[in-house]
Amino acid sequence: MHANLTANSMIQSVVLDKENTRCLMGDIVCAFRAGSTWFFVGHSRLKLLLPRGVLALHVASKDPSVRPYFKSAGLADVEDLAAMRFHHEQINRILKTTNDSKKKGSATDDVRSYEQSIYSAMAESPISSNRTTTVPSIACRTRLFPDIPKNTLTRCMSRAKAHRKNMRDNNGTVFGRVLKRLGRTKVTAKLHTEFLRWLDNHNMVIQSPLASDTLLVPDGTTSGVKKRVNKILLQIPVRELHNDLSDADPLIGLAGARDCNGNILISDTKLRELLPPHLRMMSDRYKIMCGCEPCIQMINLQQSYNRFICYRVKDFKERRDGFNPRTRRYMAADETLKKYQDKVQPRGKARFKTAKLAMVCCLCAPPDDGFQSLHKLDCVILDCVMYQIGFDIQTILLFGLVRFCYDDNDMFKRKSCY
2 MHANLTANSM IQSVVLDKEN TRCLMGDIVC AFRAGSTWFF VGHSRLKLLL
52 PRGVLALHVA SKDPSVRPYF KSAGLADVED LAAMRFHHEQ INRILKTTND
102 SKKKGSATDD VRSYEQSIYS AMAESPISSN RTTTVPSIAC RTRLFPDIPK
152 NTLTRCMSRA KAHRKNMRDN NGTVFGRVLK RLGRTKVTAK LHTEFLRWLD
202 NHNMVIQSPL ASDTLLVPDG TTSGVKKRVN KILLQIPVRE LHNDLSDADP
252 LIGLAGARDC NGNILISDTK LRELLPPHLR MMSDRYKIMC GCEPCIQMIN
302 LQQSYNRFIC YRVKDFKERR DGFNPRTRRY MAADETLKKY QDKVQPRGKA
352 RFKTAKLAMV CCLCAPPDDG FQSLHKLDCV ILDCVMYQIG FDIQTILLFG
402 LVRFCYDDND MFKRKSCY
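Take the position in the sequence shown, starting the count at 1, then add 1; the result is the number in the working numbering.
Rendered as structure tokens:
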């Protein structure tokens, strides 16, 4: 039985049965099978395919009656193959663009949604395993997308397969929606614990003066359970608390708040997020109740004055260093600096670190040694005879009783009293 193909006598068919397995054409270059019939192209006929035969073979492949045979031989349509290659190259380019746009290994939700749509279209159907459809291996897919890392492609295809299954099951999955990615943070659990311990020991964080002043906050160990804790009060703004946190002095700041390069790990916004839920700003109601308003004002005045002393000492040093060390002007400036430091910074530290220490120096001794916090009423109301003698410069300046200015030699000079 012979099958005749009219393609300018280029293709000669030969039928092989069980008894006759020898080809009647001689050497065979290519062969294909259609049903029980084999079709062969011999070497002598193949020369006609170039270049005139190529066109004839292409025209023959378009015939509807012959197209199934070419398909069985693995010969696809040239136009369809070109279109598939074009689409594949475009998909590869757009996936490479989205993969390169990721910063530090993470992409935006818009890019992730776009990638998920493309990978979901390429993923196999959830019921492909129940059919005869052959799913290509991941190695084959990796060769088709050389610009995408293998691990990235494998992970994205696995997610796309699960996403496609969820869409088919109609369980509320939206086509273009992606799960919200958890933000990156530099604050570890250990650093968070150290921060809470530092906050509890801060001198501007106190317990509420009301015993019944409690709040219900979530329990950190059990989900969905709340516990009642006492309210703690913050006496300073959060911005100032952040300044104390990032202070280089280990007695003030938190050592873990900076990395090895000195960069701050906890920003002002992150600090507000880390504050415990039972922490509240101290309102005027609490300040009046416990008498904290005068204390806070005096503390702020004392801290401002100590900072002013540091800036003034720095100015004296810069002015002294501007002269030649062998001149009289340098020696005079150095003497002025030493006198000023001996007065306000003995032993290299502020004379009065707190307002309470400055207050004790301007009052008379307590009448009873057993009650050091009780002073004479005349001293408290500023009617003591000691005020007529004079007070320490820093103490008088602290209470705002005397205003000072600087003379030509940058020394304190009392300008007016009361």
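Backbone N, C-alpha and C define an ideal beta-carbon position, used for all residues, glycine too.
Quiz item: Looking at C-beta atoms only, is the number of pairs between the stretch 147-155 and the stretch 189-201 that lie closer than 8 Å three or more?
Solution: no
Quiz item: Can you give the Cα-Cα distance for THR328 and ASP322, rounded to whole angstroms?
Solution: The C-alpha of THR328 lies about 11 Å from the C-alpha of ASP322.
Exercise. Express the C-alpha separation of MET290 and ARG198 in angstroms, rounding to a whole number.
Key: 27 Å
Exercise. Below 7 Å CB to CB, which residues in the same chain sit around ARG320 once its five sequence neighbours on both sides are set aside?
Key: Within the same chain, Cβ atoms closer than 7 Å to the Cβ of ARG320 are found at ALA334, the five residues on either side in sequence being excluded.
Quiz item: Are GLY257 and ASP245 close, meaning C-beta to C-beta below 8 Å?
Solution: no
Quiz item: When you compare each of THR186, VAL188, LYS187 and ALA161 to PHE176 by their alpha carbons, which one comes out closest?
Solution: ALA161
Quiz prompt | Given 8 Å, three or more beta-carbon pairs between the stretch 334-344 and the stretch 353-360 | solution = no
Quiz item: Would a C-beta distance cut-off of 8 Å place LYS96 and VAL188 closer than the cut-off?
Solution: Note that residue 96 corresponds to Leu in the displayed sequence, not to Lys. No, Cβ-Cβ distance for LEU96 and VAL188 is not below 8 Å.
Quiz item: Where LEU252 and TYR331 are concerned, what is the direct C-alpha to C-alpha distance, given to the nearest angstrom?
Solution: 36 Å
Practice problem: Give, in chain order, every unbroken run of the beta strand (DSSP E) that is at least 3 residues long and sits entirely within the stretch 150-215. | Solution: Entirely contained in the stretch 150-215, the beta strand (DSSP E) runs reaching 3 residues are, in chain order, 206-208.
Practice problem: Report the residue from ASP111, GLU116 and GLU241 whose alpha carbon sits nearest the alpha carbon of GLN304. | Solution: Of the candidates ASP111, GLU116 and GLU241, the one whose C-alpha sits nearest the C-alpha of GLN304 is GLU241.
Self-check item: Status (buried if at least 16 other CB within 10 Å, exposed otherwise) for THR22
Solution: At THR22 the pLDDT is 37, less than 50, meaning the model places this residue with poor confidence and gives no usable figure here.
Exercise. Identify the continuous beta strand (DSSP E) that holds LYS377 and give its terminal residues.
Key: Looking at the DSSP string, LYS377 is not in any beta strand (DSSP E), and its letter there is neither H nor E.
Quiz prompt | Own chain, CB closer than 7 Å to LEU200, minus 5 neighbours either side, in chain order | solution = The residues are VAL206.
Self-check item: For ASN410, the three-state DSSP class (helix, strand or coil)
Solution: Caution applies to ASN410, whose pLDDT of 43 falls short of 50 and renders its modelled position unreliable; the model cannot decide the point.
Quiz prompt | ARG169 and PRO127 closer than 8 Å at C-beta | solution = yes
Quiz item: Between GLN346, PRO278, PHE146 and LYS271, which lies nearest to GLU219 when the distance is taken from Cα to Cα?
Solution: Contrary to the premise, residue 219 reads as Pro rather than Glu in this sequence. Looking at the Cα atoms, PRO278 is the closest of the given residues.
Self-check item: Exposed unless 16 or more other CB atoms sit within 10 angstroms - verdict on LEU234
Solution: buried
Quiz item: Comparing alpha-carbon positions, which option in ILE310, ALA249 and THR143 lies nearest PRO347?
Solution: For PRO347, the nearest C-alpha among the options comes from ILE310.
Exercise. Under the assumption that ASP110 contacts VAL179 (Cβ atoms under 8 Å), give the Cβ distance between them as a whole number of angstroms.
Key: 6 Å
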